[in-house]
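FYI, full-length UniProt numbering numbers position 186 of the sequence shown as 186, with every residue one higher than the one before it.
For glycine and all other residues, C-beta sits at the position ideal for the given N, C-alpha and C.
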Amino acid sequence: MSTSALPSTAQSVPDAGGHFGPYGGRFVPEALVAALDEIASEFRLAQADPAFGAELTRLLRDYGGRPSPLSEATRFSAHAGGARILLKREDLNHTGSHKINNVLGQALLTQRLGKTRVIAETGAGQHGVATATAAALLGLECTVYMGEEDTRRQALNVARMRLLGAEVVPVTTGSRTLKDAINEAFRDWVANVETTHYLFGTAAGPHPIPLMVREFHRVIGQEARAQVLERTGRLPDAIAACVGGGSNAIGIFYDFIPDESVRLIGLEAAGEGVESGRHAATITGGSPGVLHGARSYLLQDDNGQTIESHSISAGLDYPGVGPEHSWLHDIGRAQYRPITDAQAMDAFSLLCKTEGIIPAIESSHALAGALDLGRELGPEAIILVNLSGRGDKDVETASKYFGLVSEDALKEEIELA
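The structure is reproduced here in structure tokens:
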């Protein structure tokens, strides 16, 4: 696609209609238009309200654990051509991932909207756990939709959500993964929009959701920029972040977009390989179309029907991507690379054994990308990796993948835990 007609600065997008160049916008049933207009209006008011900002900052600090630290992965870096790898530790946030930033902001917004119930979708369970947590904190009713396949892969997070008081609804349609959970959540929202806010978990969906989610996650990049400058005296050469819907990636990318010397690298889930057809590498292997209320890159067939995605990571197992990433790709400001399940799991194991950190499998895609980047850029390079989540939820998947314990023994251990 030609880039001549696309906006050239991050500050110019989205426009008033929620467009990132030719992407984004709003493709929704008429019943949701008023609700989205109300959210957009209230979000603008909240951004300009010092009391809202102060309360969110207080919650992120005193409840969420911000600022998250920056860790230098010295032994891991030795496998990356000697490049210096720094980890932005979103895994150390309350609930174990970057998701808490967005849910605290949207939960506060739900109160401003005068609504008493939130619904959410979740793949790996991290957004569902974070939403259930924020709902418990603020006294909101909470329902979480989750594909049946993901409830099996992420059984511990299902238990966590229920302990926090949320209703978890397994979705049995389609591929029974994240895409289908979003479909069911939209159906619920249409039927209950007067009392319910759909607390969307990633920087996709109809306007103003991509804008709102980006703004609540910008704190990642704002903190990281200051921390890297203080630690090294200069900006990093590259930033690596995993991309499913793309919330953690846009959160750390956004404040670096004007810094043209900093390469922005999104790592997509290539599953069994893009050429195999069993992957979730939306930008690498997809094309522009409409999914879940917005125009963006997605996996689709020649008739425009969405193709099922595949990834060992439930959180990246999604056939779409946020529209701002599509725009960044088209204007050449960010690069998106595929990482296979095998590459991600090798990086997962390496970080465990060299740094004593068990990462989320989602984040392991970024780690694998950083290893390749380090070898390309050489020993003088500084690479910042957004470690978006911790891997407690992925221990069962990893144990099976590496053949560490039998399924029966693992089930018994989990039941005893």
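| query | result |
| --- | --- |
| Beta-carbon contacts of R112 that lie in its chain and below 7 Å, excluding the five residues immediately before and after | E42 and A46 |
| Beta-carbon proximity of Y297 to M345, cut-off 8 Å | no |
| E90 versus F186: straight-line alpha-carbon distance, rounded | 28 Å |
| For L264, the first and last residue of its enclosing beta strand (DSSP E) | R263 to G271 |
| Where the beta strand (DSSP E) through A191 begins and ends | No beta strand (DSSP E) holds A191; the alpha helix (DSSP H) holding it covers L178 to N192. |
| Whether A269 touches G304 by CB criterion (8 Å) | no |
| Status (buried if at least 16 other CB within 10 Å, exposed otherwise) for G353 | According to the sequence shown, residue 353 is Lys rather than Gly. Classification for K353: exposed. |
| L373 - partner residues in DSSP beta bridges | Paired residue(s): none; L373 is not in a bridge. |
| Cβ-based neighbour list, F256, same chain, cut-off 7 Å, excluding 5 preceding and 5 following | G221, R225, I239, V262 and L264 |
| C-beta contact flag for T202 and V190 at 8 Å | no |
| Per-residue burial, D394 [other beta carbons within 10 Å of its own, 16 or more giving buried] | buried |
| Nearest-angstrom Cα separation, counted from S287 out to G322 | 13 Å |
| For K88, the three-state DSSP class (helix, strand or coil) | strand |
| Pick from R61, V193 and A107 that is closest to P69, judged by C-alpha positions | R61 |
| Exposed unless 16 or more other CB atoms sit within 10 angstroms - verdict on T143 | buried |
| Spatial neighbours of R26 in its chain, beta-carbon cut-off 8 Å, leaving aside the 5 residues before and after | G17, G18, V33, L36, P206, H207, G293 and A294 |
| Cβ shell of E324 (< 8 Å), same chain only, five flanking positions each side left out | V13, P14, F20, Y23, G24, A203, P210, R214, G246 and I250 |
| Reduced DSSP category for L70 - H, G, I as helix; E, B as strand; rest coil | strand |
| Reference R117; option with closest CA among T57, Q126 and Q106 | Q106 |
| C-beta contact flag for V290 and P338 at 8 Å | no |
| Own chain, CB closer than 8 Å to T397, minus 5 neighbours either side, in chain order | R153, I312 and I361 |
| Contacting residues, own chain, Cβ-Cβ under 6 Å from A73 (five flanking each side not counted) | I85, L87 and E355 |
| Distance, I331 Cα to K115 Cα | 39 Å |
| Assigned secondary structure, N303 (DSSP; H/G/I helix, E/B strand, else coil) | coil |
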